[in-house]
Amino acid sequence: MLAVVCRSFVTATALENYEENGEVDCGQALHAAAAAHGNSINSQFLVMCLEDLGPYSGKYEGSDPQRKLASLYPTLPRGNVPRGFIGYAVNMIDLDIDHLHTRTAAGHGLRETVLYRLLGEVQVYETRECMLEARRCIKDPRICFQL
6 MLAVVCRSFV
16 TATALENYEE
26 NGEVDCGQAL
36 HAAAAAHGNS
46 INSQFLVMCL
56 EDLGPYSGKY
66 EGSDPQRKLA
76 SLYPTLPRGN
86 VPRGFIGYAV
96 NMIDLDIDHL
106 HTRTAAGHGL
116 RETVLYRLLG
126 EVQVYETREC
136 MLEARRCIKD
146 PRICFQL
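Under the working numbering, the sequence shown is numbered contiguously, ending at residue 152.
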């Protein structure tokens, strides 16, 4: 699966060029870049435009250069954090130093746009048993996993 992230819609529209008959010109744009690396693009690919993604709107953890999201920990009915809760998947990815300062025109970074869109509030637990015990505080049971 290939997914391409662009800062803007203008950039996204430049990923493919078309011949007069409407076929994709595989010698231009993204197809040419792939060929230069010894690869080819033979199927559809997902394009995400940073400027079009609705960003995370909460707070951030301290002054961490990674700009990790300060999402509230899940809590069980008694108010305690579930046993084995490790954290949110969106915060477990360390952005490469070269991409820490990539921003949309509105100033939003990769974590609060792309990663939050892909991972949302996926909760990570130490074991399957811990995950099952925490079911009551998981908003969407399709979005949690164990290590």
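Backbone N, C-alpha and C fix where the C-beta goes; we use that ideal spot for every residue, glycine too. None of these values were measured; they are calculated from a predicted model.
Nearest Cα to D69 within the set N96, E24 and S13: N96. Taking the C-beta atoms as reference points, Y61 is found nearer than 7 Å to L74. The C-beta distance from V119 to L55 rounds to 7 Å, short enough to fall under 8 Å. Judged by their CB atoms, G67 and C135 are not nearer to each other than the 7 Å cut-off. Within the same chain, and ignoring the five residues on either side of A39 in sequence, the residues whose Cβ sits closer than 8 Å to its Cβ are S45 and I46. Secondary structure note for M136: its alpha helix (DSSP H) is the uninterrupted segment R133 to E138. N85 and M53 have their C-alpha atoms roughly 37 Å apart.
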